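The structure under discussion appears below in the form of structure tokens.
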Amino acid sequence: MRSIQIKIYKLDTTTSTNDVAKKIAKIKSDDFVVRANEQTSGRGRKGRSWLSPIGGLYFTICTDYDPLLSIKTGVAIASALKKLDIDPSLKWPNDVLVNDQKICGILIEIIEKRALVGIGLNIDSEPIDDSTSIKSVTDKKNSSENLMKSILRYFYDGSIDVLESYRQYSSTIGKDVRIETASGMITGKVKDIDEKGRLVLEDGTKIISGDVIHLRPSD
Ligand code: BTN
């Protein structure tokens, strides 16, 4: 795989790498990355906070907007974990799980024609309940810096069939789900993810965004 040339701003402590990237994006027009060792106001999806103690990987890629960005990011992270012999799965839209527990979250924010892709990966610890970390799932030693570079290489590897690869990693396809969308709760069986990254249910409903719960037969 080619090596990538991209400016990486490295910080010790910051509020949120997405916030720092938003400021840099005003003066820099090409892609760049902001990484911090810890965040004091890390942000998650839906206004949630993202606990970000030292020992985790926190970075933001500023890049051009693309409708498949969240799918592409999930695939890049899953591919980097697979390379460490970890067996990841992707819960739609973009939670990265190992053994059904969340190991990594992705927060995408749009700024005009560009996007901030914030990635938080648990490395040494699990800051919230029912999550996992690299340390818990592999004995292989790999620095967080190498892991970030590996994710970036897959992210910028134009030869990957992103949608097909996403389908291979998806733990949502084939499941009965309950989805909390902006217009209410929807339940159904997931048939596929389409070319726009939407969830396609067996009854033909297409969902662009929402929070998914995988239902068990007893639910
Ligand atoms: C989620 O809720 O699953 C998304 C979590 C995203 C966290 C990352 S850490 C780096 C970047 N900076 C932030 O404040 N959030 C994202």
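In the numbering used here, the protein residues as written are 212 to 430.
For glycine and all other residues, C-beta sits at the position ideal for the given N, C-alpha and C.
It should be emphasised that the depicted structure is a prediction, and the values quoted were computed from it without experimental measurement.
Judged by their CB atoms, W261 and G369 are not nearer to each other than the 8 angstroms cut-off. Distance from the Cα of L363 is smallest, within the candidate group K239, D277 and A291, for A291.
A residue is called buried when at least 16 other Cβ atoms come within 10 angstroms of its Cβ; T398 does not meet this threshold and is exposed. The residue from I322, A326 and N333 with its alpha-carbon nearest to that of K313 is N333. When the beta-carbon positions are compared, K402 and E391 stay at least 8 angstroms from each other. Judged by DSSP secondary structure, N310 falls outside any beta strand (DSSP E); it is assigned neither H nor E. With respect to the C-alpha of R389, the residue from Y220, H425, D298 and D296 having the closest C-alpha is H425. When distances are taken from the beta-carbon of Y220 to the heavy atoms of the ligand BTN, even the shortest one reaches 7 angstroms or more.
Taking C-beta separations shorter than 6 angstroms and ignoring five residues to either side along the sequence, the partners of S376 in its chain run V286, following chain order. Nearest to V231 by C-alpha distance, out of D242, R246 and Y276, is R246.
For G285, the uninterrupted alpha helix (DSSP H) run begins and ends at L280 to K293, by DSSP.
Annotation for S347: the continuous alpha helix (DSSP H) segment containing it runs I345 to V348. Residue range F243 to Q250 is occupied by the beta strand (DSSP E) that includes R246. Taking C-beta atoms as the reference points, T228 and G329 count as a pair closer than 8 angstroms.
Cβ-Cβ distances below 7 angstroms link L280 to I319, A326 and V328 in the same chain, with the five nearest sequence neighbours on each side left out; the list follows chain order.
DSSP places D403 in the uninterrupted beta strand (DSSP E) bounded by G395 to I404. In the three-state scheme derived from DSSP, where H, G and I count as helix and E and B as strand, K351 is classed as coil. Counting every other CB atom within 10 Å of its CB across the protein chains shown gives R254 a total of 16 or more, marking it as buried. Under the three-state reduction of DSSP, K407 is assigned to coil, being neither helix nor strand.
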